[in-house]
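Protein chains: 4
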Amino acid sequence: MRVAFLGLGRMGSAMARRLVADFDLTVFNRDWAKAAPFSTLGARVGGSVREAVAGAELVVTMLADDAAEEALAFGPGGLLASLAPGAIHVAMSTLGVATSDRLAAAHAEAGQGYVAAPVFGRPPAAEAGQLWILAAGPGSQVARCQPVFSKLGQGVFPLGEKAATAHALKLAGNTLLVTVLEALSEAFAFGEKAGIAPETTLKVLNTALLKSPLAEAYGGAVVRGAFEPAGFALRLGLKDVTLALQAAGALQAPLPLAGILRDRLQEATAKGYGDQDLAALSRISREAAGLT
Amino acid sequence: MRVAFLGLGRMGSAMARRLVADFDLTVFNRDWAKAAPFSTLGARVGGSVREAVAGAELVVTMLADDAAEEALAFGPGGLLASLAPGAIHVAMSTLGVATSDRLAAAHAEAGQGYVAAPVFGRPPAAEAGQLWILAAGPGSQVARCQPVFSKLGQGVFPLGEKAATAHALKLAGNTLLVTVLEALSEAFAFGEKAGIAPETTLKVLNTALLKSPLAEAYGGAVVRGAFEPAGFALRLGLKDVTLALQAAGALQAPLPLAGILRDRLQEATAKGYGDQDLAALSRISREAAGLT
Amino acid sequence: MRVAFLGLGRMGSAMARRLVADFDLTVFNRDWAKAAPFSTLGARVGGSVREAVAGAELVVTMLADDAAEEALAFGPGGLLASLAPGAIHVAMSTLGVATSDRLAAAHAEAGQGYVAAPVFGRPPAAEAGQLWILAAGPGSQVARCQPVFSKLGQGVFPLGEKAATAHALKLAGNTLLVTVLEALSEAFAFGEKAGIAPETTLKVLNTALLKSPLAEAYGGAVVRGAFEPAGFALRLGLKDVTLALQAAGALQAPLPLAGILRDRLQEATAKGYGDQDLAALSRISREAAGLT
Amino acid sequence: MRVAFLGLGRMGSAMARRLVADFDLTVFNRDWAKAAPFSTLGARVGGSVREAVAGAELVVTMLADDAAEEALAFGPGGLLASLAPGAIHVAMSTLGVATSDRLAAAHAEAGQGYVAAPVFGRPPAAEAGQLWILAAGPGSQVARCQPVFSKLGQGVFPLGEKAATAHALKLAGNTLLVTVLEALSEAFAFGEKAGIAPETTLKVLNTALLKSPLAEAYGGAVVRGAFEPAGFALRLGLKDVTLALQAAGALQAPLPLAGILRDRLQEATAKGYGDQDLAALSRISREAAGLT
Chain A
139 MRVAFLGLGR MGSAMARRLV ADFDLTVFNR DWAKAAPFST LGARVGGSVR EAVAGAELVV
199 TMLADDAAEE ALAFGPGGLL ASLAPGAIHV AMSTLGVATS DRLAAAHAEA GQGYVAAPVF
259 GRPPAAEAGQ LWILAAGPGS QVARCQPVFS KLGQGVFPLG EKAATAHALK LAGNTLLVTV
319 LEALSEAFAF GEKAGIAPET TLKVLNTALL KSPLAEAYGG AVVRGAFEPA GFALRLGLKD
379 VTLALQAAGA LQAPLPLAGI LRDRLQEATA KGYGDQDLAA LSRISREAAG LT
Chain B
139 MRVAFLGLGR MGSAMARRLV ADFDLTVFNR DWAKAAPFST LGARVGGSVR EAVAGAELVV
199 TMLADDAAEE ALAFGPGGLL ASLAPGAIHV AMSTLGVATS DRLAAAHAEA GQGYVAAPVF
259 GRPPAAEAGQ LWILAAGPGS QVARCQPVFS KLGQGVFPLG EKAATAHALK LAGNTLLVTV
319 LEALSEAFAF GEKAGIAPET TLKVLNTALL KSPLAEAYGG AVVRGAFEPA GFALRLGLKD
379 VTLALQAAGA LQAPLPLAGI LRDRLQEATA KGYGDQDLAA LSRISREAAG LT
Chain C
139 MRVAFLGLGR MGSAMARRLV ADFDLTVFNR DWAKAAPFST LGARVGGSVR EAVAGAELVV
199 TMLADDAAEE ALAFGPGGLL ASLAPGAIHV AMSTLGVATS DRLAAAHAEA GQGYVAAPVF
259 GRPPAAEAGQ LWILAAGPGS QVARCQPVFS KLGQGVFPLG EKAATAHALK LAGNTLLVTV
319 LEALSEAFAF GEKAGIAPET TLKVLNTALL KSPLAEAYGG AVVRGAFEPA GFALRLGLKD
379 VTLALQAAGA LQAPLPLAGI LRDRLQEATA KGYGDQDLAA LSRISREAAG LT
Chain D
139 MRVAFLGLGR MGSAMARRLV ADFDLTVFNR DWAKAAPFST LGARVGGSVR EAVAGAELVV
199 TMLADDAAEE ALAFGPGGLL ASLAPGAIHV AMSTLGVATS DRLAAAHAEA GQGYVAAPVF
259 GRPPAAEAGQ LWILAAGPGS QVARCQPVFS KLGQGVFPLG EKAATAHALK LAGNTLLVTV
319 LEALSEAFAF GEKAGIAPET TLKVLNTALL KSPLAEAYGG AVVRGAFEPA GFALRLGLKD
379 VTLALQAAGA LQAPLPLAGI LRDRLQEATA KGYGDQDLAA LSRISREAAG LT
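Protein chains in written order, with the working numbering: chain A, 139 to 430; chain B, 139 to 430; chain C, 139 to 430; chain D, 139 to 430.
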């Protein structure tokens with residue numbers, strides 16, 4: 139199967155490397171330097187979106203945000219203009235619901251397919267083909283993506299015919315992640331002022347109560363003060379919580395915890411921590427408690 | 139070792155049953171009917187606090203709230219008046235930090251010991267001796283509690299010389315638990331309005347992201363609408379979040395997420411859900427989203 | 139001076155009627171029925187945007203939301219395409235900052251002027267020429283609007299060269315208004331449960347403390363349960379708080395109170411109160427307190 | 139009429155000075171230095187609570203917080219022990235609802251009267267007899283306080299037979315005040331990042347919208363950075379919001395805005411601003427927006 143993979147950041151690169159051996163793969167990245175190494179791995183490197191997707195049956199996108207996805211899809215020489223009739227755009231980026239809806243409508247009108255397939259998992263899980271994939275879109279189109287999904291993930295959650303549903307659930311998940319991190323951060327500052335070291339608070343709460351590897355990973359990063367380099371940049375967390383709130387507004391389903399998260403993330407960004415790891419959100423709880 | 143166990147609600151009864159075989163045990167409960175069965179198990183049943191603690195080296199309390207603990211400790215014929223010099227009050231109830239501090243000071247002045255030892259775990263874990271115990275107080279006193287702790291729990295977290303520290307961390311833990319429940323409840327309502335069944339939202343988020351048995355247990359109860367009988371009553375969750383906020387006020391460590399939780403729990407109580415299980419908190423997110 | 143006035147809702151109609159006598163006025167409304175009566179008042183009625191703005195030196199817009207403003211400005215036959223070089227678009231609608239910025243850039247590129255001039259005041263104040271006008275944009279362009287402003291308002295606040303600044307401040311004002319309403323609503327429910335009638339709470343707090351006619355107006359509507367017809371529809375309040383939060387996100391200036399307001403307004407909308415007056419927001423505080 | 143006045147802080151002193159000429163007055167203050175000057179004004183200075191209230195028909199208290207009021211009322215040689223049967227304790231301090239209830243019950247049991255009569259107004263209003271008085275308690279007792287109220291205030295709001303009701307409404311009022319201050323502070327930081335000076339934001343919003351002298355006073359203090367000396371100390375604002383939240387918890391009437399206020403005030407206290415004027419709350423919004 140001919141597959142094009144667009145967007146070679148840390149996640150995208152890890153995913154594309156999984157696909158080289160099993161598929162007839164063309165890659166593309168706006169910054170060509172990240173694409174070049176793939177030629178030695180056996181993939182073709184497209185010089186443009188149009189060139190990359192020519193002849194592809196599936197085109198996977200894995201981009202940083204809605205603006206990048208929209209530019210690549212709707213811009214001149216973009217996906218809408220270049221994709222062959224019947225070919226499928228598989229949007230694995232974390233996108234806003236409105237953007238995902240807009241892509242679905244545009245591709246349908248152009249006689250092209252569109253499947254939303256955002257993922258949970260960090261780059262190492264991507265390297266190992268251990269992602270979890272949330273897939274939504276027309277059933278026959280999702281089925282055609284299955285070989286790619288099988289190579290990338292340890293499981294696929296089918297979420298129905300409406301593509302944007304998968305992006306909605308992905309945003310809910312990222313909001314849950316930030317909630318857990320904020321909750322731990324507040325507990326650490328509270329505990330510290332009560333005389334308990336953050337590592338103790340983490341150990342007790344996650345051993346005796348939560349038992350979540352996610353809490354271990356993010357809580358551990360907070361305890362170690364491991365904020366750089368960013369695995370998942372704080373500003374991307376803010377982006378996702380903001381997108382969740384936008385979707386919640388459209389759905390009329392209030393998310394009061396997310397409102398708090400957005401305020402804290404905005405404060406962190408205003409203070410210059412936006413490019414640090416999401417774990418740096420914990421700095422705000424410390425500062426609000428007068429800890430330095 | 140002579141041990142007295144005061145407070146035989148669901149948790150207290152399960153814990154006291156663990157202790158019958160290994161210790162010279164006297165039990166007491168304000169409502170005598172809950173104590174009576176222990177006589178057939180080989181324990182003595184005290185007719186009063188004074189009678190129950192006479193000769194006891196350790197006196198464990200496991201009561202519903204601060205008011206009950208204070209009445210039992212400071213009331214006429216209570217623990218302060220009855221405990222032998224050198225005997226230790228082991229407060230395993232979930233108490234406020236100020237109450238725990240007050241108990242520590244009063245017992246010290248009376249020449250009695252005081253160890254704070256709240257637990258994580260539900261009645262079945264108590265039955266099985268699988269609780270997690272947070273222990274704080276003077277080192278030598280905590281050491282003397284070890285035989286009892288070993289029988290009740292799968293592990294003890296020592297938290298230093300200041301007893302109330304253990305209660306502070308227990309409150310932080312219960313706040314974290316309610317946070318996770320509220321976060322899931324918001325995600326369920328959000329998801330439902332996006333067309334995703336709550337059981338799917340739970341399955342995806344807990345399989346792919348959080349991987350927490352706690353989320354599974356509480357989220358599962360929400361999905362099934364299993365609100366009665368209450369395992370952990372909603373009004374007790376409100377009590378604990380309120381105590382956490384009080385402690386946070388005294389420590390000057392803001393807990394913004396807990397502020398939201400308190401509002402939601404208060405709304406649930408005002409609407410008459412206080413005696414249902416904590417999982418009934420999810421009703422508020424549904425109602426706020428216009429779901430019925 | 140030739141003036142075109144686009145958008146004849148309750149506010150727009152009241153404003154346009156003020157201008158008929160003093161200016162050479164053409165009006166336009168998408169729904170022609172609202173425009174027709176102006177022909178008997180001495181104004182011309184345009185059949186299209188293009189026709190309405192032909193020859194106009196100033197074109198005032200007073201529309202319900204960003205979508206209407208964008209359609210009218212950027213749509214086919216819209217303002218950008220129709221306005222004469224040097225003519226000025228005076229946006230008196232309450233708009234988002236990003237939309238206002240986009241309009242400013244587009245008009246500048248087209249060689250047209252753009253002044254942001256949102257107002258405070260309700261229809262009766264507009265009838266009486268007693269609005270307050272927040273004006274921003276290039277100084278010479280703002281100066282050319284002065285005759286129109288003088289007819290419509292009791293005062294103009296000049297806010298500098300950057301047009302969107304005026305819209306930002308208007309959004310901050312509407313957020314403040316909703317904050318006062320929410321604060322009163324919470325006080326009413328709190329007071330009611332303490333045995334104090336809402337009218338007493340309002341009388342005491344506004345006589346002895348706040349002394350604000352705004353509080354009197356909105357608090358009075360709450361006390362009387364006067365939710366229909368809507369003077370200022372609740373869904374428009376939600377729109378404006380949402381726009382304020384979007385602007386705050388772009389500016390990196392958290393608005394935690396506004397986060398609460400948005401949740402409450404969303405709940406009100408989800409429950410079907412969106413077309414009632416903003417004062418219906420008070421229903422949420424009552425319901426959360428278990429009052430019926 | 140013989141009147142005793144206990145508590146001679148800034149407010150208490152100003153109020154007591156109003157009473158010297160018209161009543162047979164004895165004053166008392168824990169720190170004697172503040173009481174001494176009253177002997178030259180024609181009042182007696184009591185050496186103890188017991189001495190001060192001997193023979194008094196009305197005993198007014200104006201103390202800083204619940205702890206001071208409770209110590210003075212319930213402590214050895216305190217009001218409960220010293221007040222003559224039939225004499226009335228007029229609690230003009232800002233007290234928690236639970237404390238006020240406890241005082242009402244204790245005085246009734248002791249055959250003494252108790253009227254709750256907290257006030258709105260700052261020291262200059264007290265000097266001028268221009269306070270607003272919220273009065274609640276048994277009707278005949280409130281009636282007997284009227285001569286004192288007439289001298290101190292420009293108006294009395296009768297709030298029924300249940301004394302604590304007056305304190306509940308006073309707490310609601312102080313919460314409203316802090317809400318307005320926080321709302322302005324957020325608007326100032328938002329405006330500043332949009333290029334609008336805080337004094338402009340204040341002028342526009344209070345001229346065109348809110349028109350509140352309270353907003354003018356507190357907003358003006360923020361704009362001028364006039365945080366010291368404290369007219370109304372920030373930590374007292376935190377105390378009152380905390381008391382309002384406690385009362386709300388007992389009444390089951392959520393106050394979500396107050397939850398935000400408490401977090402911000404706690405942060406301000408943790409950062410060392412507690413002894414500054416309440417207007418210093420604005421520093422938190424600035425810091426959260428990255429302004430310095």
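Cβ coordinates follow ideal geometry from the N, Cα and C atoms, glycine included.
{"Check": "DSSP three-state label for Phe328 of chain C, please.", "Outcome": "helix"}
{"Check": "Counting only Cβ pairs nearer than 9 Å, list the residues of chain B close to Gly428 of chain C.", "Outcome": "Glu405, Thr407, Ala408, Lys409, Gly410"}
{"Check": "Taking Gln390 of chain B as the query, report the chain A residues whose CB atoms sit under 8 Å from its CB, ordered along the chain.", "Outcome": "Lys331, Ala427, Gly428"}
{"Check": "Kindly indicate which three-state DSSP category Gly397 of chain B falls into: helix, strand or coil?", "Outcome": "helix"}
{"Check": "Going along chain A, which residues have a C-beta under 7 Å from Gly213 of chain C?", "Outcome": "Under the 7 Å cutoff, chain A gives no residues; its nearest Cβ is about 18 Å from Gly213 of chain C."}
{"Check": "Using a Cβ-Cβ distance under 9 Å, would Asp401 of chain A count as near chain D?", "Outcome": "yes"}
{"Check": "Considering only the alpha carbon of each residue, which of C:Gly311, C:Tyr356, C:Ala236, C:Val257 lies closest to Lys300 of chain C?", "Outcome": "C:Ala236"}
{"Check": "Note down, in chain order, every chain D residue with its Cβ under 7 Å from the Cβ of Gly387 of chain B.", "Outcome": "Thr380, Gln404"}
{"Check": "Let me confirm a value: Gly363 of chain A is counted as buried when at least 16 other C-beta atoms fall within 10 Å, else exposed. Which label applies?", "Outcome": "exposed"}
{"Check": "Going by the CB atoms, is the gap between Leu272 of chain B and Leu290 of chain B shorter than 9 Å?", "Outcome": "no"}
{"Check": "Would you mind telling me which residues of chain B sit closer than 9 Å to Pro256 of chain D, beta carbon to beta carbon, in chain order?", "Outcome": "Within 9 Å Cβ-Cβ: nothing; Pro256 of chain D doesn't reach chain B, min ~22 Å."}
{"Check": "Using the C-alpha atoms, what's the distance from Ala332 of chain B back to Gly234 of chain D?", "Outcome": "45 Å"}
{"Check": "According to the Cβ coordinates, are Thr407 of chain A and Gln390 of chain C closer than 9 Å?", "Outcome": "yes"}
{"Check": "Since Ser151 of chain D contacts Thr199 of chain D with CB under 8 Å, what's their CB separation in whole angstroms?", "Outcome": "About 14 Å; that fails the 8 Å criterion."}
{"Check": "Give me, in chain order, the residues of the same chain whose beta-carbon lies closer than 6 Å to that of Asn312 of chain B; leave out the 5 immediate sequence neighbours on both sides.", "Outcome": "Asp378"}
{"Check": "According to the Cβ coordinates, are Leu146 of chain A and Phe176 of chain A closer than 9 Å?", "Outcome": "yes"}
{"Check": "In this structure, what does DSSP give as the bridge partners for Trp448 of chain A?", "Outcome": "Since the first and last residues shown for chain A are 139 and 430, residue 448 of chain A lies out of range."}
{"Check": "Between A:Val361, A:Pro351, A:Ala382, A:Leu381, which has its C-alpha nearest Ala418 of chain A's C-alpha?", "Outcome": "A:Val361"}
{"Check": "If you drop the 5 nearest sequence neighbours on each side, which residues of the same chain put their C-beta closer than 8 Å to that of Gly293 of chain A?", "Outcome": "Trp270, Ile271"}
{"Check": "With a CB to CB cut of under 6 Å and the five nearest residues on each side skipped, what residues in its chain are close to Ala142 of chain C?", "Outcome": "Thr164, Ala190, Val191, Ala194, Val197"}
{"Check": "Tell me whether Pro367 of chain A is buried or exposed, calling it buried when 16 or more other Cβ atoms sit within 10 Å of its Cβ.", "Outcome": "exposed"}
{"Check": "Could you give the residue range of the beta strand (DSSP E) that holds Ile226 of chain B?", "Outcome": "226-229"}
{"Check": "Here's the rule I'm using: 16 or more other beta-carbon atoms within 10 Å means buried, otherwise exposed. How should Gln284 of chain A be labelled?", "Outcome": "exposed"}
{"Check": "Round the Cβ separation of Ile422 of chain C and Arg402 of chain C to the nearest angstrom and send it over; I've been treating them as touching at under 8 Å.", "Outcome": "5 Å"}
{"Check": "How about the segment 240-257 of chain C and the segment 302-320 of chain C: do they share at least three Cβ pairs that are nearer than 8 Å?", "Outcome": "yes"}
{"Check": "Run the CB neighbour count on Pro214 of chain D, radius 10 Å, all protein chains shown included, and call it buried at 16 or more, exposed below.", "Outcome": "exposed"}
{"Check": "Tell whether a beta-carbon distance below 9 Å holds between Leu210 of chain C and Val187 of chain C.", "Outcome": "yes"}
{"Check": "Select from C:Ala264, C:Ala304, C:Tyr356, C:Arg260 the residue whose C-alpha is nearest the C-alpha of Val280 of chain C.", "Outcome": "C:Ala304"}
{"Check": "Output the distance between the C-alpha atoms of Gly249 of chain C and Leu144 of chain C, rounded to the nearest integer angstrom.", "Outcome": "20 Å"}
{"Check": "Quick one, are the C-beta atoms of Ala325 of chain A and Leu314 of chain B less than 9 Å apart?", "Outcome": "yes"}
{"Check": "Mapping the DSSP letters down to three states, classify Gly145 of chain B as helix, strand or coil.", "Outcome": "coil"}
{"Check": "Which of helix, strand or coil does DSSP assign to Gly375 of chain A?", "Outcome": "helix"}
{"Check": "Should Gly397 of chain A be flagged as near chain C, meaning a C-beta pair shorter than 9 Å?", "Outcome": "yes"}
{"Check": "In the DSSP assignment, find the beta strand (DSSP E) that holds Leu196 of chain C and state where it starts and stops.", "Outcome": "196-199"}
{"Check": "Give the secondary structure of Gly251 of chain D by DSSP, where H, G and I count as helix, E and B as strand, and everything else as coil.", "Outcome": "strand"}
{"Check": "Can you give me the start and stop residues for the beta strand (DSSP E) that Val162 of chain B sits inside?", "Outcome": "For the sequence presented, residue 162 of chain B should be read as Asp rather than Val. Start and end: 162-166."}
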